[in-house]
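Sequential numbering from -11 applies to the sequence shown in the numbering used here. Scroll down for the structure; my scribbles are underneath it.
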Amino acid sequence: MEQSCNLANDRLFAVPLPARYGHGMHSRALFVAAALAAASPSFAAGPMGAEWAIAIHGGAGVISRTGISAEDDKAIRAALAEALDAGAQILKSGGSSTDAVVAAVSRLETSPWFNAGIGAVLTSAGTVELDAAIMDGASQGAGAVTGVTTTLSPIALARTLMDKGPHVFLAGPATDAYARTHQLTQVPNSHFVTERRLKQLQDLRQRNQGASLSLPAELRMGTVGAVARDVNGNLAAGTSTGGLTGKSPGRVGDAPVIGAGTLADNRCLALSATGSGEMFIRARVASQICDRSRFGGQPLQQAADEVLAEVKAMGGDGGVILLPPKGEPLFAFNSAGMYRGRASGSGLHEIKVYGDE
Ligand code: ASP
C-alpha cells in the first residue's frame, strides 16, 4: 500500500520534472502538493508521502567547551537554528528539497560565524575566494562554482547554474560574470571580510606555518552545508565555503567537487562535507559513501564512519551530514566537534556542537 502510494507521488512530482526544471514547473508542482495536502492532512508525514527531513552543518574541527565562550556558543546555536528552521519551514509546506537547501545555506552565508559568504576565511593574498555546489538528487542536476569573489550568495549562484546551465562547473572570474548576467547581487570583495578572519590570517603569517595544508584545524572551520528530503522523497545537497585560511589563490577544495564534498542521488544519499578538502577529494568521500551503500549494501552510518577513518589515516579531519532516501538524517565526523542540526517530520529537532552531545 505504502509502496503504491509512493509510486503515485513519484509520478505526480518526481518523474515529470525535467533535468533542469525552471521555476514554472516548480510552482506547478508546489500547487499540486498544496492541493494534495489539503485533500489529505497526513500528506506531509503520512504513509502517502515521504517524510521530510533536513540536516545542516557549520563546519567541523577542534571545537571544545573551553575554546568557546557561553555567549558565543549561544549565538552560534541560534544562527544554526535559524538556518535549520528556514529550510524545515519550506519542506513542511510542501516545498522542494533544493529550495530548502538554498534557504538554509544562504542564511549561514550571511552569518559572520561561519566560513562562507560574510565571515569567510582569507587567502594568502588577503582576499576572499568562495566555493559552492548544489545537487538535485532526482534529476542529478548540479551546479558548482569556485573562485567566486563578488557574488553575495555563492549557493544561489550554484543553484542558478544548475537550473539554467549550460555548464555544471564554473571557475574564477567566469563565476561572477555569470552571476551578473543572471542579475545576482554583487558586492565588493571586502564585504565578505571580517576582523576575526583578518586576525586569523595575521596569526597564521606570524606563526609562519607555510603551506595551508598543515594549518591548525581551528583556522579553517566553519564551512556550511545542508541536505534535505522533501515530501516527494527527493533529495538535495548544498555546500558553501571560503576554503582554508591562507590558501593559495586559485586553490579548489572539496566543497564544489561533486562526489567529494557535495552529492545528491535519490538512489543512495544527499551529503555535504566539511574538513580537510584535499583529503576529502582524494578519498572521494561522498561518492565512496554512496557506492558502499548502493552497491555494497553497507548501512550509510557505517560507510560514512569507515570513509572518515580513511580520511583520518591520510592525516585529514572533518565530517559529513547525510540523508538516506528514507529515515532520519545522520552525522559522522572524526574531529572533536561539528556544528550541526537536524529536523524532520517525525518531530526531530536538534542543534549540537560538541562531539559528546
Ligand atoms: N572543506 C573545506 C575546504 O577544504 C574546508 C572546511 O570544511 O573546513 O575547502
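C-beta: ideal position from N, C-alpha, C; glycine also.
As assigned by DSSP and simplified to three states, the class of residue i
| i | result |
| --- | --- |
| A242 | Ala is not the amino acid found at residue 242; the sequence shown has Asp there. It is coil, neither helix nor strand. |
| T227 | strand |
| K314 | coil |
| G234 | coil |
| M209 | coil |
| M302 | coil |
| A144 | helix |
| T86 | helix |
| Q77 | helix |
| Q286 | coil |
| S127 | coil |
| S99 | coil |
| T54 | coil |
| I106 | coil |
| A165 | helix |
| A248 | coil |
Counted within 10 angstroms of its Cβ, other Cβ atoms place residue i as buried (16 or more) or exposed
| i | result |
| --- | --- |
| T169 | exposed |
| A58 | exposed |
| G153 | exposed |
| R255 | exposed |
| R330 | buried |
| G335 | exposed |
| S332 | buried |
| E39 | buried |
| D164 | buried |
| M209 | buried |
| G238 | exposed |
| P244 | buried |
| S260 | buried |
| A66 | exposed |
| A274 | buried |
Start and end residues, beta strand (DSSP E) containing residue i
| i | result |
| --- | --- |
| K340 | H337 to Y342 |
| I361 | Residue coverage of the chain in this structure runs from -11 to 345, which leaves residue 361 outside it and unanswerable. |
One or two residues paired with residue i in a DSSP bridge
| i | result |
| --- | --- |
| V215 | A43 and A225 |
| Q174 | T139 |
| V308 | A261 and A320 |
| V133 | A120 and L158 |
| S353 | Because the chain is modelled from -11 through 345, residue 353 falls outside the range shown and cannot be assessed. |
| G325 | G49 and Y342 |
| D253 | L257 |
| T111 | K235 |
Cα-Cα separation, residue i to residue j
| i | j | result |
| --- | --- | --- |
| G284 | D293 | 15 Å |
| T137 | L192 | 22 Å |
| L189 | L110 | 7 Å |
| L223 | I277 | 16 Å |
| T211 | R217 | 21 Å |
| F321 | R272 | 16 Å |
| I309 | P161 | 30 Å |
| R95 | A113 | 27 Å |
| R184 | G107 | 8 Å |
| E266 | A120 | 16 Å |
| A17 | D87 | Bear in mind that a pLDDT of 43 at A17, under 50, signals an unreliable position, so the model cannot answer this. |
| R280 | L288 | 8 Å |
| G306 | S323 | 5 Å |
| Q286 | T115 | 42 Å |
| G131 | V299 | 25 Å |
| Q77 | R270 | 36 Å |
| R147 | M302 | 32 Å |
| S84 | G231 | 28 Å |
| V50 | G241 | 19 Å |
| T233 | G37 | 44 Å |
| L346 | I122 | In the structure as shown, the chain begins at -11 and stops at 345. Residue 346 is therefore absent and cannot be evaluated. |
| G125 | V181 | 33 Å |
| L311 | A258 | 5 Å |
| G343 | S52 | 9 Å |
Range of the contiguous alpha helix (DSSP H) that encloses residue i
| i | result |
| --- | --- |
| S281 | V273 to R282 |
| Q194 | E183 to R195 |
Distance cut-off 8 Å: residue i Cβ against heavy atoms of the ligand ADP
| i | result |
| --- | --- |
| F157 | The ligand ADP is not among the ligands present in this structure, which contains only the ligand ASP. |
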